[in-house]
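Numbering (UniProt numbering), first residue to last: 1 to 170.
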């Protein structure tokens, strides 16, 4: 039975694409909860009934799954954790066919929210690999144009990311 519990816990964590630390934190375990998760997964210890219930009740489906029957196909560039996508999702009219975000932590949160991992750095993606779409959402970084970015504008790599949107639109 312990082997089955261990496999169940590990399987759930892996489906969520979480590290042991991330899963422990999400479950509200102690500061050293990753060690607890590791011992559970190895079958060295068993979770209490309440702990096992918390694992089993932890959602492993995203709260905002893609609407593949949406009327409009959308791409989500510079997606972050998917905040802009959420507004479009709530219309129930879009099918997100492509997303891009370079930050690995934002990608994990995006996956937790929507169930799919964004592709990486948009500057390395060939526009021919991006599916046809009617809507392009792209909140490219504006920090290069702000006081915080020292107003370097197009002299800052972040300031040139707009041209990747233009490349895709073309």
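C-beta: ideal position from N, C-alpha, C; glycine also. Predicted, not measured: the structure shown is a model, and the values here were computed from it.
Open item on the list: I need the boundaries of the beta strand (DSSP E) containing residue 55, first residue and last residue.
Closed with: Run containing residue 55: none in the beta strand (DSSP E); it sits in the alpha helix (DSSP H), 49-57.
Task: DSSP three-state assignment for residue 126, whether helix, strand or coil - done: coil
- [ ] My understanding is that residue 95 touches residue 68, with C-beta atoms under 8 Å, so please give their C-beta distance in whole angstroms.
- [x] 5 Å
TODO: Would you list the one or two residues that DSSP bridges to residue 76?
DONE: Looking at the DSSP assignment, residue 76 forms a beta bridge with 99 and 137.
Task: Contact set for residue 21: own chain, Cβ-Cβ below 7 Å, skip 5 residues either direction - done: Within its own chain, the residues whose Cβ lies closer than 7 Å to the Cβ of residue 21, once the five positions on either side in sequence are excluded, are 34, listed in chain order.
TODO: Using alpha carbons as the reference points, say which of 77, 84 and 42 lies closest to residue 64.
DONE: 84
Open item on the list: Please identify the residue among 58, 88 and 81 whose C-alpha is closest to the C-alpha of residue 70.
Closed with: 88
Task: Three-state class that DSSP yields for residue 25 in the structure shown - done: helix
Task: Endpoints, the alpha helix (DSSP H) within which residue 38 is located - done: 33-42
Task: Among 90, 60, 77 and 115, nearest to residue 141 - alpha-carbon criterion - done: Out of 90, 60, 77 and 115, 77 has the C-alpha closest to the C-alpha of residue 141.
TODO: Find out if the Cβ-Cβ distance for the pair residue 164, residue 123 is shorter than 9 Å.
DONE: Residue 164 places its beta carbon less than 9 Å from that of residue 123.
Open item on the list: Out of 108, 4 and 143, which one is the CA nearest neighbour of residue 23?
Closed with: 108
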